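Position in the sequence shown counted from 1, then plus 4, gives you my numbering.
In what follows, a structure is listed as structure tokens, so that the remarks can point back to it.
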Amino acid sequence: MITFPNAKINIGLNVVEKRLDGYHNLESVFMPIGLCDALEVIEYNNADNEAIVFSKSGIDIPDDGKPNLCQQAYALMAQDISLPQIKVHLHKNIPIGAGLGGGSADAAFFIKLLNEQFNLNLSQDAIMNYARKLGSDCAFFIPNSIAYIEGTGTEFTEIKVNLKGKFITVVYPHIHVSTAQAYAGITPQKASRSLSDDVCNLAITEWKGKVHNDFEDSLFKVYPRLEKIKRELYNKGALYASMSGSGSSIYGLFDAPTRLSQDFPDCFVWEGAL
Numbered sequence: 005m006i007t008f009p010n011a012k013i014n015i016g017l018n019v020v021e022k023r024l025d026g027y028h029n030l031e032s033v034f035m036p037i038g039l040c041d042a043l044e045v046i047e048y049n050n051a052d053n054e055a056i057v058f059s060k061s062g063i064d065i066p067d068d069g070k071p072n073l074c075q076q077a078y079a080l081m082a083q084d085i086s087l088p089q090i091k092v093h094l095h096k097n098i099p100i101g102a103g104l105g106g107g108s109a110d111a112a113f114f115i116k117l118l119n120e121q122f123n124l125n126l127s128q129d130a131i132m133n134y135a136r137k138l139g140s141d142c143a144f145f146i147p148n149s150i151a152y153i154e155g156t157g158t159e160f161t162e163i164k165v166n167l168k169g170k171f172i173t174v175v176y177p178h179i180h181v182s183t184a185q186a187y188a189g190i191t192p193q194k195a196s197r198s199l200s201d202d203v204c205n206l207a208i209t210e211w212k213g214k215v216h217n218d219f220e221d222s223l224f225k226v227y228p229r230l231e232k233i234k235r236e237l238y239n240k241g242a243l244y245a246s247m248s249g250s251g252s253s254i255y256g257l258f259d260a261p262t263r264l265s266q267d268f269p270d271c272f273v274w275e276g277a278l
């Protein structure tokens with residue numbers, strides 16, 4: 005069975021406070037977009053008796069010494085459920101470390117796929133709990149619909165934002181921003197305005213200057229290229245442009261389809277409808 009984990013963007017991101025456990029409380033709006041990986045799972049009885057055989061293609065996934073999140077999800081679920089031996093292939097198309105949530109999406113879609121393919125009959129709550137244990141963004145990709153995010157990213161409320169008929173361009177300049185580096189330049193503070201109210205109630209043309217990603221303030225100083233890309237998207241007619249997550253992808257929302265690949269020849273560029 006094959007599934008297609010999709011990316012997300014952040015519409016605004018406020019770092020509200022640092023927690024006693026060292027993590028940060030955030031508020032943001034997550035929106036799924038059509039940029040996808042491909043994930044295949046088949047039942048596979050191998051001679052080495054391995055529970056899961058994992059392979060990959062597409063964009064190179066750096067080796068950090070840890071199993072892939074899909075492998076981690078299998079191990080987590082296998083503590084509670086009898087799972088068959090499987091073979092997993094991940095074709096990576098969503099840029100890594102780009103603020104687009106690709107790894108979290110892969111893990112969440114993997115859990116959903118196992119539940120469906122092998123008739124595990126897991127409840128929505130059980131699926132969500134597994135996802136939350138794997139990463140702060142993972143649970144969002146279970147319902148996979150636009151939502152207002154709070155806490156460390158695990159608490160969310162589905163909201164309605166009308167972007168029907170709009171188009172998106174995502175530009176990733178192959179700049180890797182580590183999470184530690186991104187947070188090092190942040191001074192947490194509660195926003196003076198309600199992000200969810202602004203995103204839901206203001207016209208998209210009013211978001212500029214009101215719906216802001218806190219990470220831009222410090223990272224644009226370190227990487228001026230990011231600010232230049234954002235400015236160029238506005239010059240090309242974007243109604244709103246922003247960095248996604250802690251970077252370094254920059255996206256623009258448009259009234260009409262775009263063809264901007266040639267304007268960013270050394271970047272990964274994805275364009276689609278919302």
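For every residue, glycine included, the Cβ atom is placed at its ideal position computed from N, Cα and C.
All values derive from a computational prediction rather than experimental measurement.
Legend entry - For M247, the three-state DSSP class (helix, strand or coil): Position 243 of the sequence shown, counted from the first residue, corresponds to residue 247. DSSP places M247 in strand when its eight states are reduced to three.
Inset, instruction - Could you pull out every residue in the same chain whose Cβ sits closer than 8 Å to the Cβ of R23, ignoring the five residues on either side in sequence? - result: Here residue 23 refers to the residue found at position 19 when the sequence shown is read from its first residue. The answer, listed in chain order, is N29 and T156.
Inset, instruction - Could you tell me whether the Cβ atoms of I100 and L39 are closer together than 8 Å? - result: The residue given as residue 100 occupies position 96 in the sequence shown. The residue given as residue 39 occupies position 35 in the sequence shown. No, the pair does not count as a contact, with Cβ atoms beyond the cut-off.
Inset, instruction - Would you kindly work out how many angstroms separate the C-alpha atoms of V203 and S32, rounded to a whole number? - result: Your numbering for residue 203 matches position 199 in the sequence shown. Your numbering for residue 32 matches position 28 in the sequence shown. Rounded to the nearest angstrom, the two C-alpha atoms are 10 Å apart.
Legend entry - Simplified DSSP state of T183, which is helix, strand or coil: Start at 1 with the first residue of the sequence shown, and residue 183 comes out as number 179. Correct three-state label for T183: helix.
Legend entry - Span separating the alpha-carbon of D218 from that of F122: As a first step, residue 218 must be located in the sequence shown, where it is residue number 214. As a first step, residue 122 must be located in the sequence shown, where it is residue number 118. If you take the alpha carbons of D218 and F122, they lie about 42 Å apart.
Inset, instruction - Flag this pair as yes or no: are the beta carbons of I150 and I131 separated by less than 8 Å? - result: Counted from its first residue, the sequence shown places residue 150 at position 146. Counted from its first residue, the sequence shown places residue 131 at position 127. Taking 8 Å as the Cβ cut-off, I150 and I131 do not qualify as a contacting pair.
Inset, instruction - Name, in chain order, the residues that DSSP records as bridge partners for K22. - result: Taking the sequence shown and counting its residues from 1, one reaches residue 22 at position 18. Its beta-bridge partners are H28.
Inset, instruction - Give, in chain order, every unbroken run of the beta strand (DSSP E) that is at least 3 residues long and sits entirely within the region 87-172. - result: 90-96, 151-155 and 159-162
Legend entry - Per-residue burial, D201 [other beta carbons within 10 Å of its own, 16 or more giving buried]: Walking along the sequence shown from the start, residue 201 turns up at place 197. The residue is exposed, with fewer than 16 neighbouring Cβ atoms inside 10 Å.
Legend entry - Unbroken alpha helix (DSSP H) run spanning S200, endpoints: For this step, residue 200 is matched to residue 196 along the sequence shown. That run of the alpha helix (DSSP H) goes L199 to N205.
Legend entry - Contact between the region 207-216 and the region 52-70 (3+ Cβ pairs under 8 Å): no
Legend entry - Where K232 falls: helix, strand or coil (DSSP): Taking the sequence shown and counting its residues from 1, one reaches residue 232 at position 228. K232: helix per DSSP, three-state reduction.
Inset, instruction - Could you work out which residue in S246, D129, V92 and G106 is closest to L117 when comparing CA atoms only? - result: One-based indexing of the sequence shown puts residue 117 at position 113. It is V92 whose Cα lies nearest to the Cα of L117.
Legend entry - Cutoff 6 Å; reference E154; Cβ partners in own chain excluding five residues on either side: Here residue 154 corresponds to residue number 150 of the sequence shown, with the count starting at 1. The answer, listed in chain order, is E31.
Legend entry - Rounded separation between C142 and M81 - CA only: Stepping through the sequence shown from its first residue, residue 142 is reached at position 138. Stepping through the sequence shown from its first residue, residue 81 is reached at position 77. Taking the straight line joining both Cα atoms gives about 15 Å.
Legend entry - Contact set for S108: own chain, Cβ-Cβ below 7 Å, skip 5 residues either direction: Here residue 108 corresponds to residue number 104 of the sequence shown, with the count starting at 1. Answer for S108: G139, D141, C142 and F145, listed in chain order.
Legend entry - Expected contact under 8 Å - CB spacing of D2 and D110 to nearest Å: Shown here, the chain extends from 5 to 278; a query on residue 2 therefore has no answer.
Inset, instruction - Please state if the CB of L104 and the CB of S253 are separated by a distance shorter than 8 Å. - result: Along the sequence shown, one-based indexing puts residue 253 at 249. Along the sequence shown, one-based indexing puts residue 104 at 100. Yes, Cβ-Cβ distance for S253 and L104 is below 8 Å.
Legend entry - For F219, three-class secondary structure by DSSP: For the purposes of this step, residue 219 is identified with residue 215 of the sequence shown, where counting begins at 1. In the structure shown, F219 sits in a helix (DSSP, three-state: H, G or I).
Inset, instruction - Out of E47, S59, Y27 and T262, state which residue places its alpha-carbon closest to the alpha-carbon of S187. - result: Translated into the one-based positions of the sequence shown, residue 187 becomes position 183. Per the sequence shown, the amino acid found at residue 187 is Tyr instead of Ser. When each option's Cα is compared against that of Y187, the closest is Y27.
Legend entry - Segment limits, alpha helix (DSSP H) that includes Y78: Locating residue 78 in the sequence shown gives position 74, counting from the first residue. From DSSP, the alpha helix (DSSP H) with Y78 extends over L73 to A82.
Inset, instruction - Give a yes or no on whether 8 Å exceeds the smallest Cβ distance from D221 to chain D. - result: Of the protein chains in the structure, only one exists, and it is not chain D.
Inset, instruction - Would you check if the distance between the CB atom of Q89 and the CB atom of N50 is smaller than 8 Å? - result: One-based indexing of the sequence shown puts residue 89 at position 85. One-based indexing of the sequence shown puts residue 50 at position 46. Result yes, Cβ atoms of Q89 and N50 sit closer than 8 Å.
Inset, instruction - Could you tell me which residues DSSP puts in a beta bridge with L257? - result: As a position in the sequence shown, residue 257 is number 253, starting the count at 1. DSSP, once it has assigned bridges, lists I172 and Y244 as partnering L257.
Legend entry - Buried or exposed (CB count within 10 angstroms, at least 16 for buried), N10: On the sequence shown, position 6 is the one that residue 10 refers to. The residue in question, N10, is buried, as its Cβ has 16 or more Cβ neighbours within 10 Å.
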